[in-house]
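One structure below.
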Amino acid sequence: SLSLLGGGKIPMAGVGMCCRHSARGDAARQCILDFLLQGGRHLDTAQIYGNHKEVGEGVRLAVQQGVPREEIFLTTKIWSDDFGWEKTVAW
């Protein structure tokens, strides 16, 4: 893990959701769920991959099954047109 300036640590290893066809739909949701239930805590995705909904569903299911939400790190990339607080939260 890496130490964060504000305290805490972020896992160095995680699962990247990439842009392949298998990273969408039920397979993507199940991948996230399985990863989190097996102890993984760092997820990486991007707007261009088109799987944010599935990633969110996998996280929701894992939390419902007992994974503490505060332990999950989600990193993502968004289009430059969507930068800024208002645009990001609206998106």
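Under my numbering, residues 1304 to 1394 are what the sequence shown spells out, in order. Note that CB positions come from ideal geometry on N, CA and C, so glycine has one too.
Run through the DSSP bridge pairs and tell me what HIS1345 is partnered with.
PHE1376
Taking just the CA atoms, how far does HIS1345 sit from GLU1389?
25 Å
Residues in the same chain with beta-carbon distance under 6 Å from GLY1361, minus the five sequence neighbours each way, listed in chain order, please.
ARG1332, ILE1335, LEU1336
Do GLY1343 and VAL1318 count as a contact pair if the criterion is CB distance below 8 Å?
yes
Nearest-angstrom Cα distance between LEU1377 and VAL1358?
Each residue's Cα considered, the two are about 9 Å apart.
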